[in-house]
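A.B. asks:
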Amino acid sequence: MSHETQHDHLDPDHEEAHEHEHEHGPLAELVTVRDWLRYAVTRFNRAGIFCGHGVQDSFDEAVWLILGTLALPLDRLEPFLDACIPGEERIGLLEAIEQRADERLPTAYILGEAWLGDFRFTVDERVIVPRSFFAELLEDGLAPWVDAPEAITGALDMCTGSGCLAILMAHAFPNAAITAVDLSDDALDVARINVADYGLEERVELVRSDVFAQVDGRRFDLILSNPPYVTAEAMDALPPEYLHEPRMALASGDDGLDVVRRLLAQAADHLNPGGILAVEVGHNRHIVEEAFPELPFNWLSTRGGDDMVFLLRREDLQHAAVAAD
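In the working numbering, the protein residues as written are 128 to 452.
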């Protein structure tokens, strides 16, 4: 490199020109929330993102990411559409949009939070992003299967992850002591944050356990589980977004039933008379029914979809076990 070239490289005017290059991209031309929303939707559509973490499409994903990044209320887009975004905030906004589009990182991880209804939860890549049909089912305390929510005194959330369902259960069943089980220390660390955020340390006990191993001898009125249930075939076809989540929270053997089998085999020993086991299995109803033809599954309906959650009484499990002997 010649002396002149070196001099040019160090020239202040050259450096200034380089800095101003950024003023001619999205950072300069996108001014309002409306501008950034349009840009984000286009970026997401061109990148082919997959929206499977609580929103329906790339527009809703863009609204969530932009309002969340700007610390604006997620349910109040209209008043802010024409608000101008200062330069400093635009940098963070562009970085978030690029992460979502290029790295296919779920919005919940970018923002460090996820929602189930009105409940906010801290999340990161140590846990799967909260999403469950149980959020809706717990709104009315699992009625009509649970006659009196206040009569539930002990409930278990198996495979608690971020602790989200244990927290919803604590609200749905005001007199219940909740036990939340997970095998992952990382997940339990995140759950501890969420339990503390809701001030439920006295009501929600976090237990590291491989399914029922560490709750031996304990019985509950209700056992609820959103376990790993993705089949090996479905794991191989997952969109990139899901690959950021802990594999152990998704994969469950060839047919997706490794954990479900253990729940069905052992739950009766951990339920009080009349107690309920409720398990979410996604689109695997046909696999479950073929594997356990002797069980009288009750399949529940939700606004989000039907036949994703089954429910059994303790007595159903006992009778099936007797019949199988």
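Just so it is clear, CB atoms sit at the ideal spot from N, CA and C, and this is done for glycine as well.
#1: Does the Cβ-Cβ distance between VAL250 and LEU208 come in under 7 Å?
#2: Going by DSSP in three states, GLY380 sits in which element: helix, strand or coil?
#3: Extract the residue ranges of the alpha helix (DSSP H) inside the stretch 261 to 324, only unbroken runs of 4 or more that lie entirely within it.
#4: In chain order, what residues of the same chain lie with their CB nearer than 6 Å to the CB of MET362, ignoring the 5 residues before and after it?
#5: On a Cα-Cα basis, can you pick out the residue from PHE246, SER259 and GLU240 that is closest to ARG253?
#6: Kindly indicate the opening and closing residues of the beta strand (DSSP E) around VAL331.
#7: Going by beta carbon distance, what residues of the same chain come within less than 6 Å of ASN425, once the five residues before and after it are set aside?
#8: What does the alpha-carbon distance come out to for the pair VAL317 and HIS180?
#9: In the DSSP assignment, what residue or residues form a beta bridge with LEU438?
#10: Indicate the three-state DSSP secondary structure (helix, strand or coil) for ARG161 in the structure shown.
#11: So, with DSSP's three-state summary, where would you put ARG388?
#12: What residues match up with ALA210 in a beta bridge as DSSP calls it?
#13: Could you give the residue range of the beta strand (DSSP E) that holds LEU192?
#14: Rounded to whole angstroms, how far is the Cβ of ALA303 from the Cβ of GLY281, which I believe are closer than 8 Å?
#15: Tell me which same chain residues have a C-beta within less than 7 Å of the C-beta of ALA223, skipping the five on either side of it?
#16: Nearest to LEU422 by CA position, among MET435, ASP443 and GLY402, is which residue?
#17: Can you look up LEU444 in the DSSP assignment and give me helix, strand or coil?
#18: DSSP has PHE248 in a bridge; who is on the other side?
#19: Answer yes if the stretch 382 to 402 comes into contact with the stretch 212 to 231, meaning at least three C-beta pairs across the two stretches below 8 Å, and no otherwise.
#20: So, is ASP381 buried or exposed, given that buried needs 16 or more other C-beta atoms within 10 angstroms?
#21: Look at the alpha carbon of PHE347 and the alpha carbon of GLY401, and state the distance between them as a whole number of angstroms.
#22: Taking C-alpha atoms, which residue in GLY344, ALA392 and GLU205 lies nearest to PHE419?
#23: What is the DSSP secondary structure of GLU150, reduced to helix, strand or coil?
#24: With DSSP run on the structure shown, which of helix, strand or coil describes LEU221?
#25: How would you write the range of the beta strand (DSSP E) that ILE350 sits in, first residue to last?
C.D. replies: In short:
#1: No, the pair does not count as a contact, with Cβ atoms beyond the cut-off.
#2: The answer is coil: DSSP assigns GLY380 none of H, G, I, E or B.
#3: 261 to 264, 291 to 299 and 312 to 324, all fully within the stretch 261 to 324.
#4: Hits under 6 Å: ALA378.
#5: The closest CA to that of ARG253, considering only PHE246, SER259 and GLU240, is found on GLU240.
#6: Segment 331 to 335, the beta strand (DSSP E) holding VAL331.
#7: Leaving aside the five residues that flank ASN425 on each side, the residues in its chain whose CB is nearer than 6 Å to its CB run, in chain order, LEU438.
#8: Taking the Cα positions, VAL317 is about 18 Å away from HIS180.
#9: LEU438 pairs with ALA405 and ASN425.
#10: The three-state secondary structure of ARG161, taken from DSSP, is helix.
#11: DSSP places ARG388 in helix when its eight states are reduced to three.
#12: In the DSSP secondary-structure assignment, ALA210 is not bridged to any residue.
#13: Premise fails: LEU192 lies in the alpha helix (DSSP H), 185 to 196, not in any beta strand (DSSP E).
#14: At roughly 6 Å, the Cβ-Cβ gap stays under 8 Å, so ALA303 and GLY281 are in contact.
#15: If we look at ALA223 and ignore the five residues flanking it on each side, its Cβ neighbours are LEU192, THR196 and ILE237.
#16: Checking every option, the nearest Cα to that of LEU422 belongs to ASP443.
#17: DSSP places LEU444 in helix when its eight states are reduced to three.
#18: DSSP output for PHE248 lists ALA241 as bridge partner(s).
#19: The stretch 212 to 231 vs the stretch 382 to 402: no contact.
#20: Label assigned to ASP381: exposed.
#21: Straight-line Cα distance between these residues: approximately 10 Å.
#22: Of GLY344, ALA392 and GLU205, the residue nearest in Cα terms is ALA392.
#23: Any reading at GLU150 must be qualified, since the residue scores a pLDDT of 49, below 50, and its modelled position is unreliable; no value is offered.
#24: LEU221: helix per DSSP, three-state reduction.
#25: Unbroken beta strand (DSSP E) run through ILE350: 347 to 352.
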